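Asks: If you count by mature numbering (1 follows the signal peptide of the UniProt record, and there is no 0), then the sequence shown holds residues -19 to -1, 1 to 181, one letter each, in order.
Pasting in a structure now, in structure tokens, and then I'll have a few things to ask.
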Amino acid sequence: MKRIILPCLLILAAGFLLGQGKASITDSYNAETARNYTRALQIMEDLSANDPNDEFYILRIAWLQYLLGSYNESMKNYQKSNNLYPSLDAQTGILNCQLALGMWNEAHNQAEHILQNFPQNIAVLSKAAYSTYMLQNYRATADYYQRIVNIFPWDMESRGYLVNNLYLSKDIENARQHYQILKKYAPDSAMAKEYSKIFK
């Protein structure tokens, strides 16, 4: 009887240890929280190996690659996830990678593509503005900040950027009008102080 029980116990113990060794998606979240992005990514890649067409696994792999600074690999996986299941998360992820890589024209085109479906998405409008600013297209940048201010008129940080880009695009009178609002409600802001030297 003892000869039968002992092998059974060994099999159960081995199964328990194997089960303990297999990481879950929760372990990946915990590793990310601890800023151990390499471990978090490794867990997701192991999970994805058993379910290679799971769009969320691929999306999360892309996110962790982005956190690790692997922007090209991240962008490929965001694109793969978006091809499997189009989502704002994946499309914004592609945009973030393009910005990180300095792909200003591509980032602008991607932002415009997203804004066709989400025209009031503040984060994407801000990223679009950044891409055009880096392209030194200050008129387009001002237009994006105008859209943000139209949605959130008391966002004085965005209004400050609007003032700056209107001025850079030589639209002096509009810049002056928005500066007056900025000066009234956020006189201590960096942009208000900067333009107080110009609009005396």
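Even for Gly, the Cβ is constructed at its ideal location relative to N, Cα and C.
Fair warning: this is a prediction, and the values are worked out from it, not measured in the lab.
Could you round the C-beta distance between residue 158 and residue 132 to whole angstroms and report it? I think they count as a contact, below 8 Å.
Replies: As a first step, residue 158 is located in the sequence shown; it is residue number 177 there, counting from the start. As a first step, residue 132 is located in the sequence shown; it is residue number 151 there, counting from the start. Going by Cβ atoms, the distance from residue 158 to residue 132 rounds to 18 Å, so no, they are not a contact pair.
Asks: If residue 42 and residue 72 are in contact, beta carbons under 8 Å, what's the gap, nearest whole angstrom?
Replies: In the sequence shown, counting from the first residue as 1, residue 42 sits at position 61. In the sequence shown, counting from the first residue as 1, residue 72 sits at position 91. Actually they do not touch by this definition, with Cβ atoms about 16 Å apart.
Asks: Rounded to a whole number of angstroms, what is the C-alpha to C-alpha distance between residue 46 and residue 104?
Replies: Indexing the sequence shown from 1 puts residue 46 at position 65. Indexing the sequence shown from 1 puts residue 104 at position 123. Approximately 21 Å between the Cα atoms of the pair.
Asks: Mapping DSSP to helix, strand and coil, what is residue 5?
Replies: Against the sequence shown, residue 5 aligns to sequence position 24. In the structure shown, residue 5 sits in coil (DSSP, three-state: anything other than H, G, I, E or B).
Asks: Would you check if there are 3 or more beta carbon pairs closer than 8 Å linking the stretch 134 to 144 to the stretch 170 to 178?
Replies: Taking 8 Å as the limit for Cβ pairs, the verdict is that the stretch 170 to 178 does touch the stretch 134 to 144.
Asks: Cβ of residue 108 within 8 Å of Cβ of residue 92?
Replies: Numbered from its first residue, the sequence shown carries residue 108 at position 127. Numbered from its first residue, the sequence shown carries residue 92 at position 111. Contact: yes.
Asks: For the alpha helix (DSSP H) holding residue 177, just list the boundary residues, first then last.
Replies: As a first step, residue 177 must be located in the sequence shown, where it is residue number 196. Taken as a continuous stretch (DSSP letters only), the alpha helix (DSSP H) holding residue 177 covers 171 to 177.
Asks: Going by other Cβ atoms of all chains shown within 10 Å of its Cβ, with 16 needed for buried, is residue 156 buried or exposed?
Replies: Counted from its first residue, the sequence shown places residue 156 at position 175. Buried, because 16 or more other Cβ atoms sit within 10 Å of the Cβ of residue 156.
Asks: Can you tell me whether residue 25 is helix, strand or coil according to DSSP?
Replies: Mapped onto the sequence shown, residue 25 falls at position 44. Looking at residue 25 - three-state DSSP - the assignment turns out to be helix.
Asks: For residue 163, I'd like the list of residues in its chain whose CB is within less than 7 Å of its CB, leaving aside the five on either flank, ordered along the chain.
Replies: Here the question's residue 163 lines up with position 182 in the sequence shown. So the qualifying residues of the chain are 137, 140, 141, 144, 170, 172, 173.
Asks: Tell me the DSSP secondary structure of residue 189 in three-state form.
Replies: In the structure displayed, the chain extends from -19 to 181; residue 189 sits before or after that span and is not available.
Asks: Hey, which unbroken runs of the alpha helix (DSSP H) at 4 residues or more fall wholly within the stretch 115 to 165?
Replies: For the stretch 115 to 165, whole alpha helix (DSSP H) runs of length 4 or above, ordered along the chain, are 119 to 132, 137 to 149.
Asks: With a CB to CB cut of under 8 Å and the five nearest residues on each side skipped, what residues in its chain are close to residue 56?
Replies: Counted from its first residue, the sequence shown places residue 56 at position 75. 43, 74, 75, 78, 79, 82.
Asks: Answer yes or no: do residue 62 and residue 88 have a C-beta to C-beta separation smaller than 8 Å?
Replies: To locate residue 62, count along the sequence shown from 1; it is residue 81. To locate residue 88, count along the sequence shown from 1; it is residue 107. No, they are not a contact pair.
Asks: Short of 7 Å in beta carbon distance, which residues of its chain neighbour residue 128, apart from the five on each side in sequence? Order them along the chain.
Replies: Within the sequence shown, numbered from 1, the residue matching residue 128 stands at position 147. Closer than 7 Å at Cβ, skipping near neighbours: 106.
Asks: Going by CA-CA distance only, name the one from 116, 110, 115, 117 that's closest to residue 125.
Replies: Counting from one through the sequence shown, the residue named residue 125 turns up at place 144. Looking at the Cα atoms, 110 is the closest of the given residues.
Asks: Could you check if residue 9 is buried or exposed, using at least 16 other CB atoms within 10 Å of its CB as the buried criterion?
Replies: Taking the first residue of the sequence shown as 1, we reach residue 9 at position 28. Result: buried.
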